[in-house]
Structures are given as C-alpha cells and as structure tokens.
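As structure tokens, the structure follows; a few thoughts come after it.
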Amino acid sequence: MLFLAALLPAFVSCRRGDGRAARPVRGVGIEAVEGIELHGLAGADLTLLVRNGSRMRLALYDADLELCLNDTPVAGMRLAQEVFVPRRSVQRVVLRWDFRLDDPLTLYALSRRLGRGEAAGVTVNLRAAGRSGPAPVHIRRDGVPLSDFLRIFGIDTDELKNYLNE
Numbered sequence: 763m764l765f766l767a768a769l770l771p772a773f774v775s776c777r778r779g780d781g782r783a784a785r786p787v788r789g790v791g792i793e794a795v796e797g798i799e800l801h802g803l804a805g806a807d808l809t810l811l812v813r814n815g816s817r818m819r820l821a822l823y824d825a826d827l828e829l830c831l832n833d834t835p836v837a838g839m840r841l842a843q844e845v846f847v848p849r850r851s852v853q854r855v856v857l858r859w860d861f862r863l864d865d866p867l868t869l870y871a872l873s874r875r876l877g878r879g880e881a882a883g884v885t886v887n888l889r890a891a892g893r894s895g896p897a898p899v900h901i902r903r904d905g906v907p908l909s910d911f912l913r914i915f916g917i918d919t920d921e922l923k924n925y926l927n928e
C-alpha cells in the first residue's frame, strides 16, 4: 500500500476534465519523500518535500488510488484531507491517506507475488481533483502498469521486492 501513497507528481500534469490534454506545470515536483507514518491498517501519513516553481498555488482536494490484480480491485487509498502548496515555494506537505481493503487474502497473495518480483497483471487506477490557481484540474488514469507507476517516482520493481522482503 505504501508505494501507492506518492501521488502528487501525477497531479501536476495529465488531462483536464474536458478530455483535452493539459499543459504540464513546469517547476513542480517532489524533492524528497521524507517519511511514512503508518496508522495500522487504517491509513498512513506521507511526508513529502514538494517544489512549486509555478506562479500558481496548487491544491489537491480529492484523490483515490486503487491497486488491481488482473483488473480486479484488491486495495485502495483515499486522500483524507486537502493539501496546498504555495506558489514559488519548496514546502513540506503531509498527505494523510485512509486505506481500503477490498480483498485481504488477495492483497496478501499479491504482496507475496510482488516480493518474488512478479508484477505482471498488477495495475494502478488513480483519480485526482484539485486546482492550479483558478483552473480546476481533474486527472484519471486507469490500468497503469505498476512498473510504470513506480517509475514516476524513481522506484523499480527490484526496490519494491527488496522492501517487501525485509
């Protein structure tokens, strides 16, 4: 579940709500993942150092991530509270996520499978809504292969495998 928590980079580009491609926001990104604090099976706080070099304040007010195995939802997480990043700043942002377990046994089997380095058939669905200044931003990505999703954050499946086997 933790590898899904770093959503913010996907928030800064992608598609607008009307289906047209949005212009990527330049100078926006994650500088560092500073910490993850688990709250049992209920959720987690993800602390990120975020750079917003744009002229607009960024707001993320709704986000959902879903982990799927062969297109069947296994687990998910939902942003519990809005987050804001002031314009032209580098800011520490805490994202609070609430976890959802659709199928605990399949999640266990999936974690064992990923621990062996087998990521075939594992996908991520994400949906996010926020604002870049006055403009609403709506993002939806379905069926993103886990390896592609992890690559956004500079993580490969071998690193995930090592983390799960610790």
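Each number in my numbering comes from the position in the sequence shown (counting from 1) with 762 added on. Cβ coordinates follow ideal geometry from the N, Cα and C atoms, glycine included. Note that the structure is predicted; figures quoted are calculated from it, not measured.
The beta carbons of residue 827 and residue 868 sit no closer together than 8 Å. In summary, residue 836 is buried, with 16 or more beta-carbon neighbours lying within 10 Å of its beta-carbon over all protein chains present.
For residue 918, the CB contacts under 7 Å within the same chain, skipping 5 residues up- and downstream, are 912 in chain order.
By the CB criterion at 8 Å, residue 810 and residue 799 fall outside the cutoff. Approximately 13 Å separates the beta-carbon atoms of residue 824 and residue 858; this is outside 8 Å, ruling out the contact. Contact check for residue 894 and residue 820: beta-carbon distance about 6 Å, within the 8 Å limit, so the pair qualifies.
Secondary structure in the stretch 832-875: the beta strand (DSSP E) runs of 3 residues or longer, each lying completely within the stretch, are 834-841, 845-847 and 851-863 in chain order.
Per DSSP, reduced to three states, the secondary structure at residue 918 is coil, with no helix or strand assignment. Per DSSP, reduced to three states, the secondary structure at residue 813 is strand.
The three-state reading of DSSP puts residue 902 in strand, counting E and B together. In the DSSP annotation of this structure, residue 803 is not part of any beta strand (DSSP E), being labelled neither H nor E.
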